[in-house]
């Protein structure tokens with residue numbers, strides 16, 4: 001189900017990073033052609049290689065963007081939540097979607113059509129600059145993701161994932177895992193069995209996983225683990 005944006009919602013949407021970069025006039029112009037769409041868990045938002053007809057902002061829930069491999073596996077490109085944008089690169093360049101988008105929880109997304117985006121940029125070129133800034137941020141995140149795959153062990157990647165969910169600088173905390181473990185594994189470039197082994201290793205750092213909750217007894221210990229050199233961690237895990 002899709003609904004249009006009402007004027008009372010525009011002010012709330014101003015806190016979204018992409019929209020925050022815009023003047024009030026430019027923001028209103030871009031949102032004029034936007035619609036809110038409710039999507040159920042497991043529902044496809046767009047398919048890989050389809051012509052891009054819109055880009056999206058998550059208002060509620062979680063959405064994954066993934067590529068299907070020739071063997072039928074999924075390579076998770078990113079997982080996005082409230083306030084985050086996705087598919088803007090394909091929309092901005094008026095090309096095909098390089099990956100598919102799927103809701104992993106019941107979600108609400110803001111849909112901004114390509115035709116309206118082009119019209120809005122013509123009216124205010126600063127919108128194009130905001131889009132380029134958003135794309136640059138995505139590129140930076142991908143670089144960090146690749147760095148993590150190259151330099152961090154599985155346990156370190158999982159520890160960093162947990163730390164990103166926590167707002168506690170130290171001490172203990174209990175986290176609700178935002179989506180299932182199979183997707184966490186895909187997001188971190190791991191097989192599900194590798195994720196299980198990583199959770200096992202993290203027990204010695206005070207992490208206990210029960211169903212969809214992670215109980216962390218020492219947040220600082222996890223930070224120290226993430227900051228350690230890969231060789232040190234590999235040595236200690238075999239020692």
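In UniProt numbering, the protein residues as written are 1 to 239.
Yeah, the Cβ is synthetic: ideal placement off N, Cα and C, and Gly gets one too.
Classify residue 203 as buried or exposed, calling it buried when 16 or more other Cβ atoms lie within 10 Å of its own Cβ.
-> exposed
Consult DSSP for residue 239 and reduce its assignment to one of helix, strand or coil.
-> At residue 239 the pLDDT is 47, less than 50, meaning the model places this residue with poor confidence and gives no usable figure here.
Who are residue 44's beta bridge partners in DSSP?
-> 102
Within this structure, are the beta carbons of residue 41 and residue 106 separated by less than 8 Å?
-> yes
Any contact of the segment 66–78 with the segment 110–126, i.e. 3+ C-beta pairs under 8 Å?
-> no
Alpha helix (DSSP H) segment containing residue 15, residue limits = First-last for residue 15: undefined, no H or E at that position.
Leaving out the 5 sequence neighbours to the left and right, which residues in its chain are closer than 8 Å to residue 161 when beta-carbon positions are compared?
-> 184, 187, 188
Whole-angstrom distance between residue 216 and residue 226, CA atom to CA atom | 14 Å
Residue 166 to residue 176 span [Cα, whole Å] = 10 Å
Extent of the continuous beta strand (DSSP E) to which residue 209 belongs | 207–210
How is the beta strand (DSSP E) around residue 2 delimited, first residue to last?
-> 2–4
Ignoring anything shorter than 3 residues or poking outside the UniProt domain "HTH crp-type" (152–220), list the beta strand (DSSP E) runs there in chain order.
-> 173–176, 207–210, 213–216
Cβ-based neighbour list, residue 171, same chain, cut-off 7 Å, excluding 5 preceding and 5 following = 219
Thinking C-alpha only, which one of 174, 46, 126 is nearest residue 212?
-> 174
Identify every residue that forms a DSSP beta bridge with residue 57.
-> 85, 110
Cut-off 8 Å between Cβ atoms - residues of its own chain near residue 94, not counting five sequence neighbours on either side | 52, 114, 118
Figure out for me which residue from 164, 33, 12, 154 has the closest Cα to the Cα of residue 178.
-> 164
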